[in-house]
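Colleague: Let me give you the structure first, and then I'll get to my questions.
Number of protein chains: 2
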Amino acid sequence: MTGFIIQNPTLEQCLKAVKMGIGARRLLIMLGELRVDYFGRGSSELDYGERLLIVKGDGSLLIHRPTNVEPVNWQPPGSLYRAYVKRGLLVLEAYRKRPEERVRVTFRRVSLVGVYHLKDGAEFKLYTAEEVMKKAFIKRPDLVEKGLRVVMEEKRLKAGLVDCFCVDSSNRPVVVEFKKDRAGIEAVDQLSRYVDELRRGNPEVRGILVAPSITKEALERVRSLNLEYRRLDVRRCIKVLESMEEPIKPLEYFES
Amino acid sequence: MTGFIIQNPTLEQCLKAVKMGIGARRLLIMLGELRVDYFGRGSSELDYGERLLIVKGDGSLLIHRPTNVEPVNWQPPGSLYRAYVKRGLLVLEAYRKRPEERVRVTFRRVSLVGVYHLKDGAEFKLYTAEEVMKKAFIKRPDLVEKGLRVVMEEKRLKAGLVDCFCVDSSNRPVVVEFKKDRAGIEAVDQLSRYVDELRRGNPEVRGILVAPSITKEALERVRSLNLEYRRLDVRRCIKVLESMEEPIKPLEYFES
DNA sequence: CGTGCCAGGTGCCAT
DNA sequence: ATGGCACTTGGCACG
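Protein sequences, first through last, are from chains A and B.
Counting from 1, position 101 in the first sequence corresponds to residue 98 in the working numbering; the numbering is continuous, with no gaps.
Counting from 1, position 254 in the second sequence corresponds to residue 251 in the working numbering; the numbering is continuous, with no gaps.
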């Protein structure tokens, strides 16, 4: 990792670092007292306060307040930058075309500016809950219903993308939709759209919503739309998969 | 803004800074070569690479790679921390109960550690597109249909939260749902749920989906469900509001 | 490029 | 706490 940092830089030093850092597609970090104006898909205003600003090599901009995971303002990768000093203020503007959006950051004071070159070629491997459920179901469809056979994963309909298209023990087509979290009304409607489309060709089509739990309203709707709900949680699925292949290991227990 | 920064700290210095920073609910910034293991709602693995780590005073954790707006791993506010040195590695663990989740960050090298206390009391004012549309509509319901009168904003039904409940020129009730972006099928279904519930009491109830545009499938569904679609974009709404009160000013044109 | 859909979504506000 | 939902959602995969 190469880079440098300047504490309490002068505005000129700072401007130079900013231009150099962004120009060289490095990681730029700044701590200072700043305000933010944004206009684009929406618009926002944030008066002066002490915050952390980050510009990444791909043109992403992040402005973080002292709390929360989400940045208060940001700009996506590919944004273009302009920086200048005006009346004792350091201004950094990020611009993106399509959709047209601008973020303007005005620094009243800069406590820290750093420019670093990060090397990071590692692959990020994420195991999502839905992926786990689906995998376990494909290996063991009886987790949902005895005699079920998977015909297609990811069947594409006009109404959208079906998670699993199956046939039951009496050869009736079954659409299976997975939700990793408690299923709400939108989940039922989503399944309903698929089943509706298929029932036009064959009124025998069944629809099963598979989730660890379901809201009261959603369950009512499942019944009124002649669909079905089967409980299945991720924990169970992990166990099933562990017994069949290399496990997804949890971290060991956290003590304190 | 008070704080300090150490470049190329020893592991011991680093551990001390981390403990102190998190303990005092300060902003902690670290640059280094690290790996991340996560287990909770999902699970993930990321081998060593050079990244930026941030812990905020509220317990939020962010780990940023050199690209993208989103952190590769994170932990929400309120997380609990544990840090220690083991076999020449600095380990930082963030834990949250409910849902139970753990992130473990293992540093192989630390290039920078900083602890700062940020003061930021400013109010963030965001003007969202949906808000703008709604405001404009309330001032000028004829933007959607002549003779429309707003009875209630945000009417609560079992089926959900209606954006605007209105009456038309012939006293028929009208449910109006706004979408700031191109309306898709879910938007139609959402409106449909509200209208369904109300039509049980009064089959005359109308439902209007208001959006800048609509997908082909969604428009078909609007028709088949006996609902309506009216085009309205945010630009037009801004103009209407500008002519009536203090404008939401865009930043001036961006040159470079 | 648009369209659809998931996400460890996060955040906000309601009951 | 649970539920409903918007978000400058971001990000990905696919036609």
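Think of the CB as a built atom: it goes at the ideal place given N, C-alpha and C, for glycine as much as any other residue.
Note that the coordinates shown come from a computational prediction; the quantities given were computed from them, not determined experimentally.
Consider the Cβ of residue 183 of chain A: report whether some Cβ of chain B lies at a distance smaller than 8 Å.
Modeller: What you label residue 183 of chain A is simply residue 186 of the first sequence in a count that begins at 1. Chain B contact via Cβ: present.
Colleague: With a threshold of 8 Å on Cβ separation, who are the neighbours of residue 201 of chain A within its own chain once the five nearest residues in sequence on each side are excluded?
Modeller: Taking the first residue of the first sequence as position 1, residue 201 of chain A is located at position 204. For residue 201 of chain A, where only same-chain residues beyond five positions count, the Cβ hits under 8 Å are 169 and 170.
Colleague: Determine whether the Cβ of residue 226 of chain A lies closer than 8 Å to any Cβ atom of chain B.
Modeller: For the purposes of this step, residue 226 of chain A is taken as residue 229 along the first sequence, with counting starting at 1. It does not: the Cβ of residue 226 of chain A has no partner Cβ on chain B nearer than 8 Å.
Colleague: Measuring alpha carbon to alpha carbon, tell me which residue in A:98, A:175 and A:83 is nearest residue 130 of chain A.
Modeller: Along the first sequence, read from residue 1 onward, the residue named residue 130 of chain A stands at position 133. Cα-wise, what sits closest to residue 130 of chain A is A:175.
Colleague: Per DSSP, what are the beta-bridge partners of residue 149 of chain A in this structure?
Modeller: The residue you call residue 149 of chain A lines up with position 152 of the first sequence. Its beta-bridge partners are A:162.
Colleague: Taking the alpha-carbon positions, what's the residue -1 of chain A to residue 108 of chain B distance?
Modeller: Within the first sequence, residue -1 of chain A is the residue found at index 2, counting from 1. Within the second sequence, residue 108 of chain B is the residue found at index 111, counting from 1. Roughly 9 Å separates the two Cα atoms.
Colleague: My guess is that residue 127 of chain B and residue 177 of chain B are in contact by the Cβ rule of under 8 Å, so how many angstroms apart are they, rounded?
Modeller: As a first step, residue 127 of chain B is located in the second sequence; it is residue number 130 there, counting from the start. As a first step, residue 177 of chain B is located in the second sequence; it is residue number 180 there, counting from the start. So it is a contact: roughly 5 Å between Cβ atoms.
Colleague: Which residues in chain B have a C-beta closer than 8 Å to the C-beta of residue 124 of chain A? List them in chain order.
Modeller: Numbered from 1 along the first sequence, position 127 holds the residue referred to as residue 124 of chain A. Under the 8 Å cutoff, chain B gives 39, 40 and 41.
Colleague: Could you compute how far the alpha carbon of residue 235 of chain A sits from the alpha carbon of residue 133 of chain A?
Modeller: Counting from one through the first sequence, the residue named residue 235 of chain A turns up at place 238. Counting from one through the first sequence, the residue named residue 133 of chain A turns up at place 136. Rounded to the nearest angstrom, the two C-alpha atoms are 8 Å apart.
Colleague: Kindly indicate which three-state DSSP category residue 18 of chain A falls into: helix, strand or coil?
Modeller: Within the first sequence, numbered from 1, the residue matching residue 18 of chain A stands at position 21. Residue state, collapsed to three classes: helix.
Colleague: Exposed or buried, what is residue 76 of chain A when buried is set at 16 or more other beta-carbons lying within 10 Å of its beta-carbon?
Modeller: In the first sequence, counting from the first residue as 1, residue 76 of chain A sits at position 79. When all chains shown are included, residue 76 of chain A counts as buried.
Colleague: How big is the Cα-Cα spacing for residue 20 of chain B and residue 181 of chain A?
Modeller: Residue mapping note: residue 20 of chain B aligns to position 23 of the second sequence, counting from 1. Residue mapping note: residue 181 of chain A aligns to position 184 of the first sequence, counting from 1. Taking the straight line joining both Cα atoms gives about 39 Å.
Colleague: Is DSSP giving residue 189 of chain B helix, strand or coil here?
Modeller: Position 192 of the second sequence, counted from the start, is the residue given in the question as residue 189 of chain B. Looking at residue 189 of chain B - three-state DSSP - the assignment turns out to be helix.
Colleague: Output, in sequence order along the chain, the residues in the region 5 to 25 of chain B whose CB is closer than 7 Å to any CB in chain A.
Modeller: Result list: 24.
Colleague: Residue 62 of chain A touches chain B at which residues, Cβ-Cβ below 7 Å?
Modeller: In the first sequence, residue 62 of chain A corresponds to position 65, counting from 1. Near residue 62 of chain A (Cβ distances below 7 Å), the residues of chain B are 117.
Colleague: List the residues of chain B whose Cβ lies closer than 8 Å to the Cβ of residue 57 of chain A, in chain order.
Modeller: Locating residue 57 of chain A in the first sequence gives position 60, counting from the first residue. Simply 64, 65 and 66.
Colleague: Quick check on DSSP: helix, strand or coil for residue 307 of chain A?
Modeller: There is no way to answer for residue 307 of chain A, as the model of chain A reaches only from -2 to 253.
Colleague: Take residue 11 of chain B and list the residues in its own chain whose beta-carbon comes closer than 7 Å to its own, dropping the five residues that flank it on each side.
Modeller: The count along the second sequence starts at 1 and reaches residue 11 of chain B at position 14. Only 87, 107 and 110 meet the Cβ criterion.
Colleague: Verify whether the separation of the beta carbon atoms of residue 59 of chain B and residue 51 of chain B is less than 8 Å.
Modeller: As a first step, residue 59 of chain B must be located in the second sequence, where it is residue number 62. As a first step, residue 51 of chain B must be located in the second sequence, where it is residue number 54. For residue 59 of chain B and residue 51 of chain B, yes; Cβs fall inside 8 Å.
Colleague: Is there a C-beta anywhere in chain A that falls below 8 Å from the one on residue 214 of chain B?
Modeller: Numbered from its first residue, the second sequence carries residue 214 of chain B at position 217. So, interface residue.
Colleague: I want to verify the contact list: residues of chain B whose CB lies under 7 Å from the CB of residue 113 of chain A, in sequence order.
Modeller: As a first step, residue 113 of chain A must be located in the first sequence, where it is residue number 116. Result: 28.
Colleague: Could you pull the DSSP bridge partners for residue 89 of chain B from this structure?
Modeller: Taking the first residue of the second sequence as position 1, residue 89 of chain B is located at position 92. According to DSSP, residue 89 of chain B bridges with B:80 and B:102.
Colleague: Check whether the Cβ atoms of residue 55 of chain B and residue 74 of chain B sit closer than 8 Å, and answer yes or no.
Modeller: Along the second sequence, read from residue 1 onward, the residue named residue 55 of chain B stands at position 58. Along the second sequence, read from residue 1 onward, the residue named residue 74 of chain B stands at position 77. Their beta carbons are under 8 Å apart, which means residue 55 of chain B touches residue 74 of chain B by this criterion.
Colleague: Just list the residues that DSSP pairs residue -1 of chain A with in beta bridges.
Modeller: Counting from one through the first sequence, the residue named residue -1 of chain A turns up at place 2. Residue -1 of chain A is bridged to A:114.
Colleague: Comparing C-alpha positions only, which one of B:72, B:240 and B:13 sits nearest to residue 97 of chain B?
Modeller: Mapped onto the second sequence, residue 97 of chain B falls at position 100. Of the listed residues, the one whose Cα sits closest to residue 97 of chain B is B:72.
Colleague: Does the beta-carbon distance from residue 66 of chain A to residue 57 of chain B come in below 8 Å?
Modeller: As a working mapping, residue 66 of chain A is identified with position 69 in the first sequence. As a working mapping, residue 57 of chain B is identified with position 60 in the second sequence. Yes, the Cβ-Cβ distance between residue 66 of chain A and residue 57 of chain B is below 8 Å.
Colleague: Could you tell me whether the Cβ of residue 173 of chain A comes closer than 8 Å to any Cβ of chain B?
Modeller: Stepping through the first sequence from its first residue, residue 173 of chain A is reached at position 176. It does not: the Cβ of residue 173 of chain A has no partner Cβ on chain B nearer than 8 Å.
Colleague: Once DSSP output is grouped into helix, strand and coil, what is the label at residue 170 of chain B?
Modeller: Counted from its first residue, the second sequence places residue 170 of chain B at position 173. The answer is strand: DSSP assigns residue 170 of chain B an E or B state.
Colleague: Across which residues does DSSP place residue 70 of chain A in a beta bridge pair?
Modeller: One-based indexing of the first sequence puts residue 70 of chain A at position 73. The partner list for residue 70 of chain A (beta bridge, DSSP) reads A:60.
Colleague: Does DSSP classify residue 34 of chain A as helix, strand or coil?
Modeller: The residue you call residue 34 of chain A lines up with position 37 of the first sequence. Of the three classes helix, strand and coil, the one that applies to residue 34 of chain A here is strand, per DSSP.
Colleague: Do three or more CB pairs link the region 112 to 126 of chain A to the region 142 to 151 of chain A at distances below 8 Å?
Modeller: Contact between the region 112 to 126 of chain A and the region 142 to 151 of chain A is absent, because fewer than three Cβ pairs lie under 8 Å.
Colleague: Are residue 226 of chain A and residue 195 of chain A touching if we call contact CB-CB under 8 Å?
Modeller: Here residue 226 of chain A refers to the residue found at position 229 of the first sequence. Here residue 195 of chain A refers to the residue found at position 198 of the first sequence. No, Cβ-Cβ distance for residue 226 of chain A and residue 195 of chain A is not below 8 Å.
Colleague: Along chain A, in chain order, which residues have C-beta atoms closer than 7 Å to that of residue 47 of chain B?
Modeller: Translated into the one-based positions of the second sequence, residue 47 of chain B becomes position 50. Going along chain A in sequence order, the residues near residue 47 of chain B (Cβ under 7 Å) are -2, 115, 116 and 117.
Colleague: Does the Cβ-Cβ distance between residue 53 of chain B and residue 63 of chain A come in under 8 Å?
Modeller: Position 56 of the second sequence holds residue 53 of chain B. Position 66 of the first sequence holds residue 63 of chain A. Contact flag set, yes.
Colleague: Give the residues from the region 131 to 156 of chain A that approach chain B closer than 9 Å (Cβ to any Cβ), ordered along the chain.
Modeller: Answer in chain order: 155 and 156.
Colleague: Would residue 255 of chain B pass as a contact of residue 186 of chain B if the rule is Cβ separation under 8 Å?
Modeller: The requested residue 255 of chain B does not occur in the structure, where chain B is confined to residues -2 to 253.
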